[in-house]
Amino acid sequence: MNNWGQLGVFDLETTGVDVDTARIVSACVAILNPDGSVAARWDWLADPGIEIPAGASAVHGITTERAQAMGRDAKGVIGEIAQSLKVLFALGVPLVVYNAPYDLTLLDRECRRYGIDPLTTAAPVIDPLVLDKVVDKYRKGKRTLEVTAALYGVELDDAHDAGADAIAAGRVALALGAAYPQQLDVPLADLHQGQIAWYAEQAASFADYIRRVKGDQDFVADTEWPIRAADHPTSILDTQPIPAPSPRPSYRVPHLDFDTGVLVFDRPALEAPPVRATESVSEIEEVTFDDLDPTATESTGEPAYEPLVLVEPLPGESAEFDDAEALQDYSEAAAQPELLWRDLDLDTTEQDPAPVELTIEAEPEAAKPAPAADIIAGDGPSVERPTLRPTVLRVAAAIITDADGRTLLVRKRGSSTFMQAGGKIERGESAVDALSRELLEEVGLELDLGATEYLGSFRADAANEPDTVIRAEVFALTTTADLVASDEIEELLWIDTDEPVGVQLAPLTRDTILPLWVTRRASGV
Numbered sequence: 001m002n003n004w005g006q007l008g009v010f011d012l013e014t015t016g017v018d019v020d021t022a023r024i025v026s027a028c029v030a031i032l033n034p035d036g037s038v039a040a041r042w043d044w045l046a047d048p049g050i051e052i053p054a055g056a057s058a059v060h061g062i063t064t065e066r067a068q069a070m071g072r073d074a075k076g077v078i079g080e081i082a083q084s085l086k087v088l089f090a091l092g093v094p095l096v097v098y099n100a101p102y103d104l105t106l107l108d109r110e111c112r113r114y115g116i117d118p119l120t121t122a123a124p125v126i127d128p129l130v131l132d133k134v135v136d137k138y139r140k141g142k143r144t145l146e147v148t149a150a151l152y153g154v155e156l157d158d159a160h161d162a163g164a165d166a167i168a169a170g171r172v173a174l175a176l177g178a179a180y181p182q183q184l185d186v187p188l189a190d191l192h193q194g195q196i197a198w199y200a201e202q203a204a205s206f207a208d209y210i211r212r213v214k215g216d217q218d219f220v221a222d223t224e225w226p227i228r229a230a231d232h233p234t235s236i237l238d239t240q241p242i243p244a245p246s247p248r249p250s251y252r253v254p255h256l257d258f259d260t261g262v263l264v265f266d267r268p269a270l271e272a273p274p275v276r277a278t279e280s281v282s283e284i285e286e287v288t289f290d291d292l293d294p295t296a297t298e299s300t301g302e303p304a305y306e307p308l309v310l311v312e313p314l315p316g317e318s319a320e321f322d323d324a325e326a327l328q329d330y331s332e333a334a335a336q337p338e339l340l341w342r343d344l345d346l347d348t349t350e351q352d353p354a355p356v357e358l359t360i361e362a363e364p365e366a367a368k369p370a371p372a373a374d375i376i377a378g379d380g381p382s383v384e385r386p387t388l389r390p391t392v393l394r395v396a397a398a399i400i401t402d403a404d405g406r407t408l409l410v411r412k413r414g415s416s417t418f419m420q421a422g423g424k425i426e427r428g429e430s431a432v433d434a435l436s437r438e439l440l441e442e443v444g445l446e447l448d449l450g451a452t453e454y455l456g457s458f459r460a461d462a463a464n465e466p467d468t469v470i471r472a473e474v475f476a477l478t479t480t481a482d483l484v485a486s487d488e489i490e491e492l493l494w495i496d497t498d499e500p501v502g503v504q505l506a507p508l509t510r511d512t513i514l515p516l517w518v519t520r521r522a523s524g525v
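Number 525 marks the last residue of the sequence shown (the UniProt record's numbering); no jumps.
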């Protein structure tokens, strides 16, 4: 028995992983007796005011519809949560939070967002994740709450429910204190200060690993515990989703591309006017911008993204894509070059006007267009057909880890490339549904949504399809099931390194998913 007395416990379920932008969906604050029994408990369900991404709903089970129908106003909920924790700290009750910098920092940002006084004194806090890494530093494998709870004999029947997670975290803390009294049975103030130093050491060690092993010399880990300071506190409101402005018809107004974050021009000024091919290619007719259709719709095809980045949902968009698939049929445009000007990249600055790429607008009854590779010569600039944007293929993929910490790769029949298990998201299908279907078909695995974590959206060139970009919704899960290759999968490969010798990897797997897997494994997630 330690000297902690009663414990407060706290956990959140949210809309995402970014503490600066995610919103609180549900929360639990409870009081545990020294024997782990629940003395009191308070639960909240909030309407976060934004769409809850389907990936997040798949984890905690709370959909946008349920939150809107049953949840309370977010500001009132956040105020009550903050006040509850302030009372506990004022009474000197230690608060157990598993991975405290996430939950407490996110609560801090929510308080600032709604004009609520944040926690000015968050102590004493007990973080079982930090303590477990201190007392059992070299244990291999994941250190999620589910794994750690099982290790210390704590039942967790409803993982990713705020109440179940909060209570389980408190009981894990009690188990740690009982198992390692010499290190942890100290005055609470000393334990709190010790965790500040231990967390900083753990973060520095992880950063050293990334710089030394992965070669990312610019990587910097967050070392603040239990709450990370806001770099720009007054900018919290600016991080929230806002409606994207409608496309502007101007030809010279700067436009922020919400997909890439790049400031571009709708239509740059050109030194030479656009030209139109007539029946006689030697006679070039001058046209003005008024001849172009200002209401023409820009192509919805998505460009390739380099370097690979984690893609947050666009303003007003959920992570589960309710927009149309970007699988466009260009056969009509190939036969009618006048349709192609919409997709032409005219990213030519005024300082560097040459060469100017223009398109051909054929007059009625004009001669048949030349082959795609042909260039029409005339008295004016050369006219060449533009390159079409790549097809975007949306898929759901899984980082599947076994009990030994290895991750699974699969190879499709007729291919030499290994990749994550998963597959295409069909029209009208959610990423979670697609993943569930593909895993069952490919490796015979029934997806446990309660044990599946959504990691985000990533892009890369396709391994087997030319001129195709993969946009993957990536999930993580651990399994002890015996998996068998079936359907179009010819081979399964379990690996314990992100650089397997002699294995050809798909670009997304090689450049993004395996480094992400290594990072999560090193941090004990």
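The C-beta atom is built at its ideal place from N, Cα and C for all residues, glycine as well.
Apart from sequence neighbours up to five positions away, the residues of its chain that approach E13 with a beta-carbon distance below 7 Å are V25, S26, H60, I62, H160 and A162, ordered along the chain. Cβ-Cβ distances below 7 Å link E490 to R411, K412 and R413 in the same chain, with the five nearest sequence neighbours on each side left out; the list follows chain order.
The continuous beta strand (DSSP E) containing A396 extends over residues T391 to T401. For S523, no beta strand (DSSP E) run applies, since DSSP gives it neither H nor E.
The secondary-structure analysis by DSSP pairs K424 across a beta bridge with V395. A direct Cα-Cα distance of roughly 18 Å separates D158 from R66. Here N99 is buried. Its C-beta has 16 or more other C-beta atoms within 10 Å. The shortest C-alpha to C-alpha distance from A168 to any of A178, L156, A175 and G177 is the one to L156. The criterion of a C-beta distance shorter than 9 Å is not satisfied by V19 and G456.
With distances taken between CA atoms, A200 lies nearest to E224 out of E224, A164, A179 and Y180. For the pair A189 and G55, the Cα-to-Cα distance works out to about 39 Å. In the DSSP assignment, A431 falls within the alpha helix (DSSP H) that extends over A431 to V443. Nearest Cα to W517 within the set Y454, A481, D467 and P187: Y454.
Excluding sequence positions up to five before and after A460, its CB lies within less than 7 Å of the CB of L308, I470, P507, L508, D511 and T512, all in the same chain and listed in chain order. Rounded to whole angstroms, W198 and K133 show a C-alpha spacing of 9 Å. DSSP places G450 in the helix class (H, G or I) of the three-state scheme. Taken through DSSP and simplified to helix, strand or coil, K214 comes out as helix. Contact annotation: the region 110-123 does not touch the region 132-148, with fewer than three C-beta pairs closer than 8 Å. Around the beta carbon of V213, fewer than 16 other beta carbons lie within 10 angstroms, which makes this residue exposed. In terms of Cα proximity to L409, the closest of L435, G422 and L492 is L492. In the structure shown, A460 falls within a strand segment according to DSSP collapsed to helix, strand and coil.
Comparing alpha-carbon positions, the option among A462, P226 and D496 lying closest to T121 turns out to be P226. Within the same chain, Cβ atoms closer than 6 Å to the Cβ of D496 are found at R406, the five residues on either side in sequence being excluded.
Secondary structure at G115: coil, using DSSP grouped into helix, strand and coil. Annotation note: the region 70-96 contains no uninterrupted beta strand (DSSP E) run of length 3 or greater. Short of 6 Å from the beta carbon of A207, and not among the five residues preceding or following it, lie these beta carbons of its own chain, in chain order: F219 and A221. In the DSSP assignment, S26 is bridged to E13 and L45. L104 and P34 have their C-alpha atoms roughly 23 Å apart. I167 sits in a helix when the DSSP states are folded into three classes. Inclusion of A396 and E446 in the CB contact set at 9 Å is not warranted, their separation being larger than that value.
In this structure Y102 is buried. Its beta-carbon is surrounded by 16 or more other beta-carbon atoms within 10 angstroms. Of the candidates Q504, G153 and V77, Q504 places its Cα closest to the Cα of S416. Scanning its chain for C-beta atoms nearer than 8 Å, with the 5 sequence neighbours on each side dropped, one finds around S84 the residues V29 and W42, in chain order.
Where I470 is concerned, the enclosing beta strand (DSSP E) starts and stops at T468 to T478.
By the neighbour-count criterion, in which 16 or more other beta carbons inside 10 Å mark a residue as buried, T452 falls on the buried side. C-alpha of T519 to C-alpha of G79: approximately 35 Å in a straight line.
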